[in-house]
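What follows is one structure encoded as C-alpha cells, with my remarks underneath.
Numbering (our numbering), first residue to last: 7 to 171.
As C-alpha cells, this is what we get:
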C-alpha cells in the first residue's frame, strides 16, 4: 500500500512540474532516451570498427610472417656467396671497349677475388659493389636492372646449381 501511495504522489508531482521547462515530461523522457540510444549506437559502431581494424592488422601481420618465412626458406636453400660470385663472374666476362668501364670492371674483379676468401659475402654487398661500378665507371653500359638482378629469385632461376639440397 505504501508503494502505491508513493507512486501516485510521484506521478502527480511529475505532472505538476512537467511544464516547467516549456516541454512536457513525456517529450523530455523521449528525448533523453533518444540521446542515450544515439550514444550507445555510436559506441557500438566505434567498437565494431575497432574490431574490424584489429582483425585487418592481425591479417596483415600473419601475411608478413608468411612472406618472411617463405623468404627465410628460400634463403636457407640458397648459397648466397656462390650465387653472388657466379653472377659477378658473368658480368666480368662481358667484353667492353670503354676504357673507363674496363677500369671499373678491373676494380670489381679485384674485389671479387678478395671476396672468394671472405666468409660473409652477401647479395646486398655484391649489389653495392656492382652498383658502385655501374654508377661511377660503366654508366650506360651496365644498367640498374643488371644490379637489381642480384636477388635470390633471379639467381635461383638462372643458376639452379646453386640450390642447397
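In this text, a Cβ means the ideal position worked out from N, Cα and C, and glycines have one as well.
Taking a 10 Å sphere around the C-beta of residue 140, we find 16 or more other C-beta atoms and assign the residue as buried. Taking C-beta atoms under 8 angstroms as the contact rule, residue 113 and residue 98 fail to qualify, at a distance of about 11 angstroms. In summary, residue 90 is buried, with 16 or more beta-carbon neighbours lying within 10 Å of its beta-carbon over all protein chains present. Collapsing the DSSP output to three states places residue 113 in a helix.
Residue state for residue 156 is assigned as coil, using DSSP reduced to three classes. Between the stretch 132-148 and the stretch 102-110, the count of C-beta pairs closer than 8 angstroms reaches three or more; the two stretches touch. For residue 86, the enclosing alpha helix (DSSP H) starts and ends at 86-99. Here the stretch 118-126 does not lie against the stretch 155-163, with fewer than 3 beta-carbon pairs under 8 angstroms apart.
Inclusion of residue 118 and residue 133 in the CB contact set at 9 angstroms is not warranted, their separation being larger than that value. Counting the other CB atoms within 10 Å of its CB gives residue 69 a total below 16, which places it among the exposed residues.
Contact check for residue 128 and residue 86: beta-carbon distance about 5 angstroms, within the 8 angstroms limit, so the pair qualifies. Around the beta carbon of residue 149, a 10 Å sphere encloses fewer than 16 other beta carbons of the protein chains shown; the residue is thus reported as exposed. As the crow flies, the alpha-carbon of residue 63 is around 14 angstroms from that of residue 72.
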